[in-house]
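> Take this structure, written in structure tokens, and hold onto it; I'll ask about it next.
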Amino acid sequence: MPSSSPTACSAARRASWPTSSFRRRSWTRLRTGISPGSASGVRTCAPTGRGCRVGRGNPSGGRPRGNRPAAAAAPEWPRKHGDVEDMRETPEDSVGLGVKEIVDHYEALIRELDQPPVLIGHSYGGLFVELLLDRGLGRAGVAMSPAPPKGILALPFSTLKAGSPALAHPSKWHGVVTLTPEEFTYGFVNTFTPEKAKEAYDRYCVPETGQIFYEAGFANFHLHPPTEVHFKNGDRAPLLIVGADEDHTVPAKLSKAQYKKYERSPAHTDYLEFAGRPHLHMVADGWEEVAEAVAGWIESVPAAPAEAVEGAPA
42 MPSSSPTACS AARRASWPTS SFRRRSWTRL RTGISPGSAS GVRTCAPTGR GCRVGRGNPS
102 GGRPRGNRPA AAAAPEWPRK HGDVEDMRET PEDSVGLGVK EIVDHYEALI RELDQPPVLI
162 GHSYGGLFVE LLLDRGLGRA GVAMSPAPPK GILALPFSTL KAGSPALAHP SKWHGVVTLT
222 PEEFTYGFVN TFTPEKAKEA YDRYCVPETG QIFYEAGFAN FHLHPPTEVH FKNGDRAPLL
282 IVGADEDHTV PAKLSKAQYK KYERSPAHTD YLEFAGRPHL HMVADGWEEV AEAVAGWIES
342 VPAAPAEAVE GAPA
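This note's numbering numbers the first residue of the sequence shown as 42 and each following residue consecutively.
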């Protein structure tokens with residue numbers, strides 16, 4: 042699944058589910074498709090001691106009803122190669138890398154597949170999922186704490202603070218942005234202990250292109266920015282938006298605001314919210330609840346037609 046985040050660090054792009062069963066990276070291709078189901082509407086998840094209580098549409102509490110074999114693929118962003126240390130040593134490779142180049146890159150990869158994939162992305166990756174679905178790609182999509190597309194006007198203070206390392210310095214708009222450990226902790230892992238926050242910083246945080254923050258941060262001042270999504274598009278595949286209520290970078294109310302933008306679309310859209318989770322919730326304690334709930338939605342949601350990729354505009 043495409044992924045990154047609306048602060049200056051590609052932490053989410055480098056993070057992954059702690060086990061291979063629910064690998065959280067660039068995109069997930071289901072070999073056997075998605076079974077039809079009745080999931081719909083707003084869902085709220087909160088810790089219940091033995092998992093997650095999911096609202097209407099999935100009485101299993103988010104646990105997948107079947108055990109469908111799936112192949113997971115995690116292609117890197119364009120111009121992104123090597124491990125964290127490699128990317129820290131060559132930050133100039135990301136200069137000028139923008140939203141359109143990234144989304145075009147993923148579209149080309151998707152079109153090489155023999156069947157439409159399920160797309161899963163976190164933060165900026167979540168926005169990329171929305172953009173790819175809007176292009177007619179994918180069998181279904183999951184946007185986890187997605188960076189806001191054009192049309193989301195009210196940004197919470199915590200979002201502005203988390204994004205300030207990129208947006209408060211014009212010299213970084215088209216350059217490269219880095220985060221200090223303190224900035225990373227605030228934006229990504231504010232619920233972690235200091236020790237775990239440092240471990241996450243060392244493992245995931247790399248320099249990132251400032252172009253994507255500029256394009257998203259100033260999208261509402263442009264007529265057709267690269268972050269524009271057609272919210273009323275009724276032909277796109279089903280979409281699940283996931284929010285986290287302790288997220289400083291994309292607070293849950295910002296994720297929910299995106300969900301509400303899709304209300305006029307006849308396409309299937311759901312919202313799922315987790316309590317006590319930070320922005321980097323897919324690697325936080327209790328990540329299994331998130332993985333099970335997302336997998337349960339994928340199992341239950343009606344799938345887009347199998348020919349979606351072939352019918353998408355080139």
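Heads up, the beta-carbon is just placed ideally off N, CA and C, and yes, glycines get one too.
Of the residues LYS141, GLY179, GLY258, ALA184, which one's Cα is nearest the Cα of MET323?
Comparing Cα-Cα distances from MET323 to each of LYS141, GLY179, GLY258, ALA184, the minimum goes to ALA184.
> Tell me the rounded alpha-carbon separation between ALA293 and SER186.
Going from the Cα of ALA293 to the Cα of SER186 covers about 7 Å.
> Tell me the rounded alpha-carbon separation between THR250 and VAL136.
C-alpha separation (whole angstroms): 6 Å.
> What is the DSSP secondary structure of PHE259, reduced to helix, strand or coil?
Coil.
> Going by DSSP, which residues form a beta bridge with LEU280?
The partner list for LEU280 (beta bridge, DSSP) reads GLY182, THR310.
> Should the segment 143-154 be regarded as contacting the segment 237-246, the criterion being three or more beta carbon pairs within less than 8 Å?
Judged by Cβ distances under 8 Å, the segment 143-154 makes no contact with the segment 237-246, as fewer than three pairs qualify.
> Report the residue ranges of all alpha helix (DSSP H) runs contained in full by the segment 166-232; include only those spanning at least 4 residues, in chain order.
Segments of the alpha helix (DSSP H) lying fully in the segment 166-232: 198-208, 222-229.
> Please list, in chain order, all residues of the same chain as THR286 whose beta carbon is under 8 Å from its beta carbon, the five residues on each side excluded.
As written in the sequence, residue 286 is Asp, which differs from the Thr given in the question. Closer than 8 Å at Cβ, skipping near neighbours: PRO292, ALA293, GLU314, PHE315, ALA316, GLY317, ARG318.
> What are the partner residues of LEU160, as DSSP defines its beta bridges?
Beta-bridge pairing links LEU160 to GLY182.
> If you draw a straight line from the C-alpha of GLY337 to the C-alpha of SER212, how long is it?
Going from the Cα of GLY337 to the Cα of SER212 covers about 44 Å.
> Would you identify the three-state DSSP class for PHE272, choosing helix, strand or coil?
If DSSP states are grouped into helix, strand and coil, PHE272 belongs with coil.
> In the DSSP output, which residue or residues are listed as bridge partners for THR250?
Note: THR250 sits in a beta bridge opposite VAL217.
> Which of helix, strand or coil does DSSP assign to ALA241?
Three-state DSSP puts ALA241 in a helix.
> For PHE233 and TYR227, what's the separation of their Cα atoms in angstroms?
Distance between the alpha carbons of PHE233 and TYR227 is about 10 Å.
> Helix, strand or coil for ALA316 per DSSP?
Three-state DSSP puts ALA316 in coil, outside helix and strand.
> Anyone know if the C-beta pair for THR290 and SER199 falls short of 9 Å?
Going by C-beta atoms, THR290 is nearer than 9 Å to SER199.
> Taking the alpha carbon of ASP129 as the reference point, which residue from THR221, PHE229, ALA332, ILE151 has its own alpha carbon closest?
In the sequence on display, residue 129 carries Arg and not Asp. Here the closest residue by C-alpha is THR221.
> Under 6 Å Cβ to Cβ from ALA260, same chain only, skipping five residues before and after it: list those, please.
Around ALA260: LYS191, PRO266, THR268.
> What separation, rounded to the nearest whole angstrom, lies between the Cα atoms of GLN371 and THR131?
Residue numbering for the chain in the displayed model covers 42 to 355; residue 371 lies beyond these limits and cannot be assessed.
> Shortest alpha-carbon distance to PRO197 belongs to which of THR219, SER296, TYR303, ALA308?
Checked all of THR219, SER296, TYR303, ALA308; the closest Cα to PRO197 is SER296.
> Less than 6 Å between C-beta atoms, sequence neighbours within five positions excluded: which residues of the same chain meet that for TYR303?
Here the set comprises PHE272, THR310.
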